[in-house]
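Enquirer: Right, I'll just put the structure down here and ask away after.
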Amino acid sequence: MSRVVLSDSDGRWTLTLTDPDRRNCLDDVTCRELGEAIDTVASAEDARTLVVAGEGKAFCAGADLPALFGDASERAVGELRRHLHSVYDSFLRLRRLDIPTIAAVQGAAVGAGLNLAMACDVRIAGPHASFAATFSRIGLHPGGGCTWFLVDALGRQRAMALLLDGGTLDGEAAVAQGLALELAEDPLARAQEMADRWAGHDPALARDIKAAVGLAAGGDFDATLEFEAWAQASSATGPKIREVVERFRK
Ligand SMILES: C/C=C/C(=O)SCCNC(=O)CCNC(=O)[C@H](O)C(C)(C)COP(=O)(O)OP(=O)(O)OC[C@H]1O[C@@H](n2cnc3c(N)ncnc32)[C@H](O)[C@@H]1OP(=O)(O)O
10 MSRVVLSDSD
20 GRWTLTLTDP
30 DRRNCLDDVT
40 CRELGEAIDT
50 VASAEDARTL
60 VVAGEGKAFC
70 AGADLPALFG
80 DASERAVGEL
90 RRHLHSVYDS
100 FLRLRRLDIP
110 TIAAVQGAAV
120 GAGLNLAMAC
130 DVRIAGPHAS
140 FAATFSRIGL
150 HPGGGCTWFL
160 VDALGRQRAM
170 ALLLDGGTLD
180 GEAAVAQGLA
190 LELAEDPLAR
200 AQEMADRWAG
210 HDPALARDIK
220 AAVGLAAGGD
230 FDATLEFEAW
240 AQASSATGPK
250 IREVVERFRK
């Protein structure tokens, strides 16, 4: 049975991890399916938004520890690194999607599962959500972009403390610290409502806003200004802005 289900409603895609008994943890099979699903969305011409969700109690329990690390001590570091890279590459492809992506986090997002949520543009936290950067607690150096994601969302000091503590934020703390956007009783419904709204934009506008925010978050102010200038000029020929301009024309 498939561990990842993809559905499309007029370009508003939803990707769901469907292995609740194992808390949607990630082994090679799940990662391959995740990668294929993300590639399908990337090549869908009608794609406007993507919501990522997990079935059951947990959003994603991170690496299937026995499957990924069970024989780690017998493997050469270089070989293990290549394997981990392929695991991470499968879902970090999410970051390369040029459409807005939203994680609906209803339960625990742990380790690589936290990274999966962080690879989305926005996170909506349910009442039982938790965001666990437990790598150091289980003796692993954080991987899969976790340090970048946390510095980006929390700032250097909080990221450092969370990573060294191997700590967990509940939904409320995640929202207060900027790791999640908001709390919702039903995070999937809220994420889909948001996606419906964003899917109403001209796709080029949404894509360019995402690209500009990406540049801004990368810290390159001049490149952001240059990009915004180009993208704003290019959007200025669209029908919506013309309609608004006409309304104000004397
Ligand atoms: C390269 C990447 C590195 C990383 O990602 S490091 C982080 C690795 N992940 C973890 O350390 C999280 C481990 N899991 C948990 O802490 C808990 O689970 C949860 C908080 C996610 C959920 O707790 P609860 O709802 O009480 O479920 P349950 O009884 O612990 O688990 C249900 C079944 O799921 C299996 N399972 C859960 N997480 C993993 C995992 N990460 N790898 C392999 N199996 C996992 C269990 O063993 C068990 O199985 P059975 O029902 O047969 O007893």
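So the sequence shown is residues 10 to 259, counted in our numbering. Ideal placement from N, C-alpha and C gives every residue a C-beta, glycine not left out. Just so it is clear, the structure is predicted and the values come from calculations on it, not from any experiment.
Compute the distance between the beta-carbons of glycine 20 and alanine 182, then report whether it is under 8 Å.
Expert: Here residue 20 corresponds to residue number 11 of the sequence shown, with the count starting at 1. Here residue 182 corresponds to residue number 173 of the sequence shown, with the count starting at 1. Between glycine 20 and alanine 182, the C-beta spacing is not below 8 Å.
Enquirer: What would DSSP say about glutamate 194, mapped onto helix, strand or coil?
Expert: As a working note, residue 194 is residue 185 in the sequence shown. Three-state result, glutamate 194: coil.
Enquirer: What are the uninterrupted segments assigned as beta strand (DSSP E) that are 3 or more residues long and contained completely in the region 153-199, given in chain order?
Expert: 177-179
Enquirer: Could you please go through the chain and list the residues whose beta-carbon is closer than 5 Å to any non-hydrogen atom of ligand 1?
Expert: Arg31, Arg32, Cys34, Lys66, Ala67, Ala70, Gly71, Ala72, Asp73, Leu74, Ala117, Val119, Gly120, Ala121
Enquirer: When you compare the region 70-81 with the region 128-140, are there three or more beta-carbon pairs, one atom per stretch, that lie closer than 8 Å?
Expert: No: the two stretches stay apart, fewer than three of their Cβ pairs being nearer than 8 Å.
Enquirer: Drop a sphere of 10 angstroms on the beta-carbon of isoleucine 111, count the other beta-carbons inside from all chains shown, and report buried for 16 or more, exposed for fewer.
Expert: Here residue 111 refers to the residue found at position 102 when the sequence shown is read from its first residue. Per the 10 Å Cβ criterion, buried.
Enquirer: Tell me the start and end of each unbroken alpha helix (DSSP H) in the region 49-113 that is at least 4 residues and wholly inside, in chain order.
Expert: 74-78, 86-101
Enquirer: Going by the beta-carbon positions, is the gap between glycine 135 and glutamine 115 smaller than 8 Å?
Expert: Reading the sequence shown from its first residue, position 126 is the one you call residue 135. Reading the sequence shown from its first residue, position 106 is the one you call residue 115. Yes, they are a contact pair.
Enquirer: Can you give the Cα-Cα distance for proline 109 and alanine 189, rounded to whole angstroms?
Expert: Residue 109 sits at position 100 when you count from the first residue of the sequence shown. Residue 189 sits at position 180 when you count from the first residue of the sequence shown. When rounded, the distance between both Cα atoms is 15 Å.
Enquirer: With DSSP run on the structure shown, which of helix, strand or coil describes arginine 146?
Expert: In the sequence shown, residue 146 corresponds to position 137, counting from 1. Three-state result, arginine 146: helix.
Enquirer: Alpha carbons only, please: which of Phe140, Arg57, Gly44 is nearest the one belonging to serine 95?
Expert: Residue numbering aside, residue 95 sits at position 86 when the sequence shown is read from its first letter. The shortest C-alpha separation from serine 95 is found at Gly44.
Enquirer: With a threshold of 8 Å between beta-carbons, can alanine 46 be considered close to chain C, or not?
Expert: Checking the listed chains, one finds no chain C in this structure; it contains a single protein chain.
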